[in-house]
Structures are given as C-alpha cells and as structure tokens.
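Q: Structure provided below as structure tokens; questions to follow.
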Amino acid sequence: MIIRERRKELGRVFLDMGKYLFTTIAIGSLVSKDIKLSAVIVALIASAIVLIIGFYTVPKDKEE
C-alpha cells in the first residue's frame with residue numbers, strides 16, 4: 006500500500022508540474038511583447054509530456 010500511495014503522490018506532482026508549466030507559458034505569452042514560436046512549441050510539448058507521465062503514474066482505483 007505504501008508504494009501505491011507514493012506512486013499516487015508522484016503522479017500528482019507530475020500533473021501539477023505540467024499545469025504550472027502550461028500556466029507559465031500562457032501568462033508569459035500575454036505579458037511578453039516578443040514571443041518566439043519555437044519556445045512556445047517546445048514548452049507546450051514539454052508540458053504535454055509531463056502531463057502524460059503524470060496521468061500514467063497515478064494508479065487506477067481498486068474496486069474492493
């Protein structure tokens with residue numbers, strides 16, 4: 006059970022990191038005057054990868 010809880014917490018950390026990265030990109034693109042498209046694309050891809058890792062790290066609920 007301890008491993009399951011740790012895995013769940015790690016998955017939540019990855020999901021939070023993905024959300025924070027995406028939020029930073031969105032706010033930064035609104036505030037900044039010169040936006041580099043390549044930086045936005047790389048950041049969006051990184052955010053998507055982190056979100057996917059987080060999604061697959063969180064274990065599915067057991068039906069008891």
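If you use our numbering, the sequence shown closes out at 69, no skipped numbers anywhere. We treat Cβ as the ideally placed atom computed from N, Cα and C, and that holds for glycine.
Measuring alpha carbon to alpha carbon, tell me which of E10, D66, V45 ends up nearest T28.
A: V45
Q: Could you have a look at D21 and say whether DSSP puts it in helix, strand or coil?
A: helix
Q: Tell me where the alpha helix (DSSP H) around V63 begins and ends.
A: Element bounds for V63: n/a, residue is neither H nor E.
Q: Determine the direct distance from the alpha carbon of E14 to that of V63, and round the result to whole angstroms.
A: Roughly 8 Å separates the two Cα atoms.
Q: Does K13 come out as helix, strand or coil in the three-state DSSP assignment?
A: helix
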